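Positions in the sequence shown are counted from 1; adding 112 to them yields the working numbering.
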Amino acid sequence: MKQLLSLFLLLFTGLLSAQIQITHGPYLCDMTATGVSIVWMTDKPAVSWVELAPDGSDHFYAQERPKFFDTSHGRKRANDTIHHVRLENLESGKTYRYRIVSQEVTDWKTYDYVLYGRMASTAVYGREPLKFTTFDNNRKEINFLILNDIHGRASFMKELCQNIDFKALDFVVLNGDMSDQVESQEQLCRGYIDTLVSMFASEVPLVYARGNHETRGVYSDMVMRYFPTVSGQFYYQFNIGKTAFLVLDGGEDKPDSDIEYCGIADYDRYREQEAEWLKKTIQSPDYKDAEAHIVFLHIPPTVGNWHANVHLQETLLPVLNAANVDIMFSGHTHRYSYNEPNERAKFPILVNSNTAYVLCKLKDNRLSMEVKGIDPKNDRKQEIGL
113 MKQLLSLFLL
123 LFTGLLSAQI
133 QITHGPYLCD
143 MTATGVSIVW
153 MTDKPAVSWV
163 ELAPDGSDHF
173 YAQERPKFFD
183 TSHGRKRAND
193 TIHHVRLENL
203 ESGKTYRYRI
213 VSQEVTDWKT
223 YDYVLYGRMA
233 STAVYGREPL
243 KFTTFDNNRK
253 EINFLILNDI
263 HGRASFMKEL
273 CQNIDFKALD
283 FVVLNGDMSD
293 QVESQEQLCR
303 GYIDTLVSMF
313 ASEVPLVYAR
323 GNHETRGVYS
333 DMVMRYFPTV
343 SGQFYYQFNI
353 GKTAFLVLDG
363 GEDKPDSDIE
373 YCGIADYDRY
383 REQEAEWLKK
393 TIQSPDYKDA
403 EAHIVFLHIP
413 PTVGNWHANV
423 HLQETLLPVL
433 NAANVDIMFS
443 GHTHRYSYNE
453 PNERAKFPIL
463 VNSNTAYVLC
473 KLKDNRLSME
483 VKGIDPKNDR
493 KQEIGL
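Below you can see the structure in the form of structure tokens.
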């Protein structure tokens, strides 16, 4: 009898382990007033979708909800474990409920004869659906948090943020070097993504700004799949109310010819292309008509004299100096500094250290910034008019 019971338990455990699992996520990124991207990962290839409904008192699971699939060029993606659903045509400033679903593809040997298996979902008995709120075109107060130079220190990041009320934030900026290098999905998730999800990222969107360390590693070309943008670039613009935000990418910090890059770096040309995009972007109505302009760029152009600093001064900085920028937020140096406008940069640059966050509140044309670390002796406050 005991042998039969043991065999049953072994078979039951094997069946459970064979079921498809959501291994990481979901998390939100690339949010706008009318859209957002939702990303998650599974342990087996699957067809995936998001079920969506406006916030309300009705039971989310009591009726069938619209499904939005992970697609590529008109075809549902069915042979991957990284899933990305872009939701569009949403209403500005509106709260939505959602759940993610992945159905395992068990067999696909030829043509399009696909066999499906079990499903995995965030729908769990007794658990409320996840929620998010799109950016509000009429928003007059904006709250956001900036993290940078975490370098895979997930436990430190969690301790650093333990007193943050994430529900009060509109978004959280990952302002570069969240990893030391990018070698695998598991490294990305273990280093910071899983911790972000456990704290807030399923309901508060991420704004991803690439750092120079995220350009390094055998898996670095895959980073865009984890932080997709509608533009397909690591540099982009978004607006909340009357504020325009620019997310820029400084590339690597040393010359392309540096031996460390083994001949695969081409960041000078990349920054030149980015500058051409920036020239057009600052002439767009979304940017020109905004009352405040805030920039995120991992490498501060005027703090340091490495190759990237100099090249950023030659490419992006002249465009930004003509773009009515109110402030730039950077990292990279691992040391705090607040740099007043000068002959090189016509706007202030706040450089955050690798041991603190920056909590920002924009209200009544004033931007207050609170820099806080685990050691309160290094806490600082700054405020500027916009």
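For glycine and all other residues, C-beta sits at the position ideal for the given N, C-alpha and C. For clarity, every value in this text was computed on a predicted model and none was experimentally measured.
Does the contact criterion of 3 or more C-beta pairs under 8 Å hold for the region 152-163 versus the region 198-215?
yes
Of all the options S332, P488, F350 and K188, which has the alpha carbon lying nearest to the alpha carbon of F291?
It is worth fixing the name first, because residue 291 is Ser in this sequence and not Phe. The residue with the shortest Cα to Cα distance from S291 is S332.
Of the listed residues L409, I376, D365 and R447, nearest to H419 (C-alpha basis):
D365
For V330, does the count of other Cβ atoms within 10 angstroms reach 16, so buried, or fall short, so exposed?
So V330 ends up on the exposed side.
Does DSSP classify D292 as helix, strand or coil?
D292: coil per DSSP, three-state reduction.
Buried or exposed (CB count within 10 angstroms, at least 16 for buried), D491:
exposed
Thinking just about the alpha-carbon of each residue, which of I496, A435 and P430 is nearest to the one in Y450?
I496
Between which two residues does the alpha helix (DSSP H) containing W161 stretch?
Segment A158 to P166 is the beta strand (DSSP E) holding W161; no alpha helix (DSSP H) there.
Please report the distance separating the alpha-carbon of V483 from that of T146.
31 Å
Spatial distance of I406 from A190 (CA atoms)
39 Å
Count the other CB atoms, across all protein chains shown, that sit within 10 Å of the CB of Y173; report buried if there are 16 or more and exposed otherwise.
It is exposed - the Cβ of Y173 has fewer than 16 other Cβ atoms within 10 Å.
Those residues which DSSP pairs with L227 across a bridge
D219
Return the residue from the list A387, E240 and L199 that minimises the CA-CA distance to P340.
Nearest neighbour of P340 by Cα position, chosen from A387, E240 and L199, turns out to be L199.
Beta strand (DSSP E) containing S107: first to last residue?
Beyond the ends of the chain as shown, which are 113 and 498, falls residue 107; an answer cannot be given.
How far does the alpha helix (DSSP H) with A321 in it reach, from first residue to last?
That residue, A321, is in no alpha helix (DSSP H); its beta strand (DSSP E) goes L318 to A321.
So for Q349, helix, strand or coil by DSSP?
strand
Mind checking which residues open and close the beta strand (DSSP E) that includes T154?
V148 to T154
Whole-Å CB distance - H196 paired with V151, under 8 Å assumed
5 Å
If you drop the 5 nearest sequence neighbours on each side, which residues of the same chain put their C-beta closer than 7 Å to that of K391?
V431
Whose CA, out of R337, L358 and Y338, lies closest to the CA of Y347?
L358
Please report the distance separating the alpha-carbon of Q349 from that of A356.
7 Å
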